[in-house]
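Enquirer:
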Amino acid sequence: MTGRLGTGAPVRLGIVGAGFVADFYLRALGSIRGHDVTVVAARSAESGAAFAERFGIPVVVSTVAELVERDDVDIVIVALPQDQHVAVVAAAAAAGKGIICTKPLGRNSAEAAECLRLVREAGVWHAYAETEVFAPGLVKAKELVDAGAVGRVTSVRARESHGHPHKHARDVSRSGGGPLRALGCHCVAIGRWFIGYDTAPKEVFAWGARLSRDDVETEDTAVALIRFEDDRMAQVEVSWGHIAGLDVRNEIHGTAGWIGTDETGETGIRAFAGKPADYVVEKAGAATGWITPVPDEPWVYGYHGELTHFVECYRAGVEPRQTFVDGYIDNAIIDAAYRSMESGTWVPIDMSAV
276 MTGRLGTGAP VRLGIVGAGF VADFYLRALG SIRGHDVTVV AARSAESGAA FAERFGIPVV
336 VSTVAELVER DDVDIVIVAL PQDQHVAVVA AAAAAGKGII CTKPLGRNSA EAAECLRLVR
396 EAGVWHAYAE TEVFAPGLVK AKELVDAGAV GRVTSVRARE SHGHPHKHAR DVSRSGGGPL
456 RALGCHCVAI GRWFIGYDTA PKEVFAWGAR LSRDDVETED TAVALIRFED DRMAQVEVSW
516 GHIAGLDVRN EIHGTAGWIG TDETGETGIR AFAGKPADYV VEKAGAATGW ITPVPDEPWV
576 YGYHGELTHF VECYRAGVEP RQTFVDGYID NAIIDAAYRS MESGTWVPID MSAV
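Take the position in the sequence shown, starting the count at 1, then add 275; the result is the number in our numbering.
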């Protein structure tokens, strides 16, 4: 491993991408200490320059190769769609850089396994940026669970839906699936976290269909049941047909209680916009009428929590609580769900790369 891992020195970050996810990362990093963003790589010189000016990044480069070769980069943040993850992880790992990669880790478990192999063989520090398990509401829910407030968790229900998928997400050749891949990775991660990592997921039963969209080749709605080795269950519900906007809710059921979280419906703000609002919330269904803005999206959605954790872990020289192992397992579960959608049967989960 190279760079400043474990030295306590400020972490020097190079970010690949200047789009939607990169914007969230930099907004979160603006209130986090212990790091410097030294360079951004963007294919478009215009968007790269605008992004750098907005966030005060001193250097813009046009290729991943230029970024990973720099001496002022300790960690490469991969803020690109999943079809580009393997190539960027390969370049960063070969250069001995630490890596933070956004979700999902790959278009399928094979690509995720390749990312995991690359970082393991290079011996570099790696973190999987799954925001939901760092979202404040869910972190508090987990604290309640760990304190025994609801007894033993028996089942988890996780839902994420909206009606405005990104262009690359609607292209199955780039995304590796529909909302079950793009949104389901969040829900799967939540289920695993609350059931407990010491209990392995065993098999999946799933259903999916294209019910409302004519701009996708995949399912636009899906439900999956994940059975763990001790028969506890996680239920995943996803959709690109929720025209009202972003709907992110979770339920944790236990032998002595219940916890519910709602990341978008209970924000503390309720407004009626008689004229179009400039910006309401990510994936907003409308900018007029009754709206529920989110005061600080990077905080509420977990970007602040995950990046704070990653920076602190790198400076301390310790493994973060979400690594490429988690990204691989989450993808393996979703692969099994897609096989179940085709077969109409329970399908075992292949996690052989772990």
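For glycine and all other residues, C-beta sits at the position ideal for the given N, C-alpha and C.
Just list the alpha helix (DSSP H) runs in the segment 280-344, keeping only unbroken ones of 4 residues or longer that don't cross its boundaries, in chain order.
Expert: Listed in chain order, the complete alpha helix (DSSP H) runs (minimum 4 residues) inside the segment 280-344 are 295-304, 320-330 and 339-343.
Enquirer: From what residue to what residue does the beta strand (DSSP E) around Ser384 run?
Expert: First-last for Ser384: Ser384 to Ala397, but that is the alpha helix (DSSP H), not the beta strand (DSSP E).
Enquirer: Please name the residue, chosen from Glu407, Ile290, Met616 and Gln597, that lies closest to Ala316 on a Cα-to-Cα basis.
Expert: Closest option to Ala316, Cα to Cα, is Ile290.
Enquirer: With Val523 and Glu512 assumed to form a contact (beta carbons below 8 Å), what rounded beta-carbon distance in angstroms separates them?
Expert: About 11 Å; that fails the 8 Å criterion.
Enquirer: Report buried or exposed for Ser644, applying the criterion of at least 16 other Cβ atoms within 10 angstroms of its Cβ.
Expert: As displayed, the chain neither begins before 276 nor continues past 629, which places residue 644 out of reach and without an answer.
Enquirer: I need the DSSP call for Ser487, collapsed to helix, strand or coil.
Expert: Ser487: coil per DSSP, three-state reduction.
Enquirer: Runs of 4 residues minimum, wholly inside the segment 541-625: which ones carry the alpha helix (DSSP H) assignment?
Expert: Counting only runs of 4 or more, we get 572-575, 578-591 and 599-618.
Enquirer: Please go through the segment 436-514 and give each complete alpha helix (DSSP H) segment of 4 or more residues, from N-terminal end onward.
Expert: Those alpha helix (DSSP H) runs which fall completely within the segment 436-514 and span 4+ residues are 447-450, 454-457 and 459-470.
Enquirer: Check whether the Cβ atoms of Ala368 and Val394 sit closer than 7 Å, and answer yes or no.
Expert: Yes, the pair counts as a contact, with Cβ atoms nearer than the cut-off.
Enquirer: Are the CB atoms of Val555 and Ile633 within a distance shorter than 7 Å?
Expert: Here the chain covers residues 276 to 629 and nothing more, so residue 633 does not appear.
Enquirer: Who does Ser627 pair with in a DSSP beta bridge?
Expert: DSSP output for Ser627 lists no bridge partner at all.
Enquirer: If Trp482 sits next to Asp495, beta carbons under 8 Å apart, how far is it from one beta carbon to the other, in whole angstroms?
Expert: At roughly 13 Å, the Cβ-Cβ gap does not stay under 8 Å, so Trp482 and Asp495 are not in contact.
Enquirer: Once you ignore the five residues that flank Ile332 on each side, which residues in its own chain have a CB closer than 6 Å to its CB?
Expert: The answer, listed in chain order, is Val312 and Val315.
Enquirer: Looking only at C-alpha atoms, which of Ala385, Arg507, Arg279 and Asp358 sits nearest to Thr377?
Expert: Minimum Cα distance to Thr377 is reached at Asp358.
Enquirer: Report the rounded CA-to-CA distance for Asp421 versus Ala591, giving the unit in angstroms.
Expert: One C-alpha to the other measures close to 25 Å.
Enquirer: Using 8 Å as the cut-off, can you tell me whether the segment 405-413 makes contact with the segment 383-397, which would need three or more C-beta pairs spanning the two stretches below that distance?
Expert: Because the criterion of three Cβ pairs below 8 Å is not met, the segment 405-413 and the segment 383-397 do not touch.
Enquirer: With DSSP as the reference, label Gly278 as helix, strand or coil.
Expert: Note: Gly278 maps to coil in three-state DSSP.
Enquirer: Using DSSP's beta-bridge definition, name the partner residues of Glu526.
Expert: For Glu526, which the question treats as bridged, DSSP gives the partners Arg432 and Gly535.
Enquirer: From this set, Ser384, Phe503 and Ser618, which residue's C-alpha is nearest Val428's C-alpha?
Expert: Answer by Cα proximity: Phe503.
Enquirer: For Ser615 and Ser384, what's the separation of their Cα atoms in angstroms?
Expert: Distance between the alpha carbons of Ser615 and Ser384 is about 15 Å.
Enquirer: May I ask you to verify whether the segment 434-453 touches the segment 484-498, counting CB pairs closer than 8 Å and requiring at least 3?
Expert: Contact between the segment 434-453 and the segment 484-498 is present, because at least three Cβ pairs lie under 8 Å.
Enquirer: By a C-beta neighbour count over all protein chains shown, 10 Å radius and 16 as the cutoff for buried, is Val351 buried or exposed?
Expert: Buried.
Enquirer: Have a look at the DSSP bridge pairing and note the partners of Thr377.
Expert: In DSSP, Thr377 forms a bridge with Ala404.
Enquirer: What are the boundary residues of the alpha helix (DSSP H) that includes Val363?
Expert: Looking at the DSSP string, the run of the alpha helix (DSSP H) that includes Val363 is His360 to Ala369.
Enquirer: For Gly540, collect the residues of the same chain with a Cβ closer than 8 Å to its Cβ; drop the 5 residues on either side in sequence, then sort them by chain order.
Expert: If we look at Gly540 and ignore the five residues flanking it on each side, its Cβ neighbours are Asp522, Arg524 and Thr567.
Enquirer: Drop a sphere of 10 angstroms on the beta-carbon of Ala519, count the other beta-carbons inside from all chains shown, and report buried for 16 or more, exposed for fewer.
Expert: Per the 10 Å Cβ criterion, exposed.
Enquirer: Tell me the rounded alpha-carbon separation between Asp414 and Met508.
Expert: Here residue 414 turns out to be Val, not Asp, going by the sequence shown. Whole-angstrom Cα-Cα distance: 20 Å.
Enquirer: Are any of the Cβ atoms in chain E nearer than 7 Å to that of Ala433?
Expert: Reference to chain E is not applicable here, since this structure consists of a single protein chain.
Enquirer: With DSSP collapsed to three states, give me the class of Val348.
Expert: Of the three classes helix, strand and coil, the one that applies to Val348 here is coil, per DSSP.
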